[in-house]
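**Student:** The structure follows.
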Amino acid sequence: MPVWTIVVAAGSGSRFGRPKQYERLGDRRVLDWALATARAVSEGVVLVVPPDSAGRREAGVDAVVPGGATRSASVRAGLAAVPGEVDVVVVHDAARPLASVSLFDAVLAAVRAGADAAIPGVAVASTVKRVAGHRVVETVDRRDLVEVQTPQAFAATAIRHAHAGEPEATDDAALVEAAGGSVAVVQGDPRNIKLTHPHDLVVARALVADGGEPGG
Numbered sequence: 002m003p004v005w006t007i008v009v010a011a012g013s014g015s016r017f018g019r020p021k022q023y024e025r026l027g028d029r030r031v032l033d034w035a036l037a038t039a040r041a042v043s044e045g046v047v048l049v050v051p052p053d054s055a056g057r058r059e060a061g062v063d064a065v066v067p068g069g070a071t072r073s074a075s076v077r078a079g080l081a082a083v084p085g086e087v088d089v090v091v092v093h094d095a096a097r098p099l100a101s102v103s104l105f106d107a108v109l110a111a112v113r114a115g116a117d118a119a120i121p122g123v124a125v126a127s128t129v130k131r132v133a134g135h136r137v138v139e140t141v142d143r144r145d146l147v148e149v150q151t152p153q154a155f156a157a158t159a160i161r162h163a164h165a166g167e168p169e170a171t172d173d174a175a176l177v178e179a180a181g182g183s184v185a186v187v188q189g190d191p192r193n194i195k196l197t198h199p200h201d202l203v204v205a206r207a208l209v210a211d212g213g214e215p216g217g
């Protein structure tokens, strides 16, 4: 089942303060970590970047395309560059540079086993409360809750169908859910942190220095 990965690196870094995907992490840029792992498990890799960076050539990438105004639009731009004969599409955020090959393999295995989509999930550790303004409405039972990560793998037909009509969501699995598809959950990795604020990059650098690089 041919696999292509879309690495989404089109954000402006509004919460980070600058485009985080081009920050240094160890001996390379943040996005280079995601690209290297994607290349290890994929026949093809599409990199989605800010429009003003779309002219740059990137080593080990089959296509560099400009992103859209939203994350979903950026994924669709990447999806348009994936050949039609591809069976499985993985979507991964460059802002999660420490995702391992084994995590990619886990979501791919779930799709190959028949799921329309597969996502990594990590159990919620903190108490979760629903609020209205400054008042607590209820305490949510966290036993059935997970924090979702990327990479997320999809049957190519399922993700293309889910994006038809250009819907919006915070992740692509939500679109597959809305389209009636089956979404499997595999065990996520606590080290697979998302770089959202500058402090997250400090943590990622510490993990790399401590031998927390993506592995098999």
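To convert, take the position in the sequence shown, counting from 1, and add 1; that gives the working numbering.
Quick reminder that beta carbons are idealized off the backbone N, C-alpha and C, glycines included.
These numbers come from a predicted model, not from an experiment.
Pick helix, strand or coil for residue 83, following the three-state DSSP scheme.
**Tutor:** Of the three classes helix, strand and coil, the one that applies to residue 83 here is coil, per DSSP.
**Student:** Would residue 78 and residue 69 qualify as a contact pair, given that the criterion is a beta-carbon distance under 8 Å?
**Tutor:** Against a cut-off of 8 Å, the Cβ pair of residue 69 and residue 78 comes out as a contact.
**Student:** Taking its Cβ as the centre, do 16 or more other Cβ atoms sit within 10 Å of residue 76, making it buried, or is it exposed?
**Tutor:** Residue 76 comes out buried.
**Student:** How about residue 31: is its C-beta nearer than 8 Å to some C-beta of chain D?
**Tutor:** Protein chain content of the structure displayed is limited to a single chain, and chain D is not contained in it.
**Student:** Buried or exposed for residue 130, please, with buried defined as at least 16 other CB atoms from any protein chain shown within 10 angstroms of its CB.
**Tutor:** Counting Cβ neighbours within 10 Å, residue 130 comes out exposed, since fewer than 16 surround it.
**Student:** Compare the C-alpha of residue 10 against each of 133, 64, 156 and name the closest.
**Tutor:** The candidate whose alpha carbon is nearest that of residue 10 is 64.
**Student:** What is the DSSP secondary structure of residue 7, counted as helix, strand or coil?
**Tutor:** Residue 7: strand per DSSP, three-state reduction.
**Student:** Kindly give me the distance between the Cβ atoms of residue 177 and residue 163, rounded to whole angstroms, as I take these residues to be in contact under 8 Å.
**Tutor:** At roughly 5 Å, the Cβ-Cβ gap stays under 8 Å, so residue 177 and residue 163 are in contact.
**Student:** What are the complete alpha helix (DSSP H) segments, minimum 4 residues, inside the segment 76-138?
**Tutor:** Correct list: 102-113.
**Student:** Taking only the alpha-carbon atoms, compute the straight-line gap between residue 66 and residue 165 and give it to the nearest angstrom.
**Tutor:** When rounded, the distance between both Cα atoms is 19 Å.
**Student:** How would you call residue 16, buried or exposed, if buried means at least 16 neighbouring beta carbons within 10 angstroms?
**Tutor:** The residue in question, residue 16, is exposed, as its Cβ has fewer than 16 Cβ neighbours within 10 Å.
**Student:** With DSSP as the reference, please indicate the residues paired to residue 177 in a beta bridge.
**Tutor:** In DSSP, residue 177 forms no bridge with anything.
**Student:** Quick check on this structure: which residue in 19, 105, 101, 5 has the alpha carbon closest to the alpha carbon of residue 62?
**Tutor:** Closest by alpha carbon: 5.
**Student:** May I ask you to report which of helix, strand or coil DSSP gives residue 188?
**Tutor:** Note: residue 188 maps to strand in three-state DSSP.
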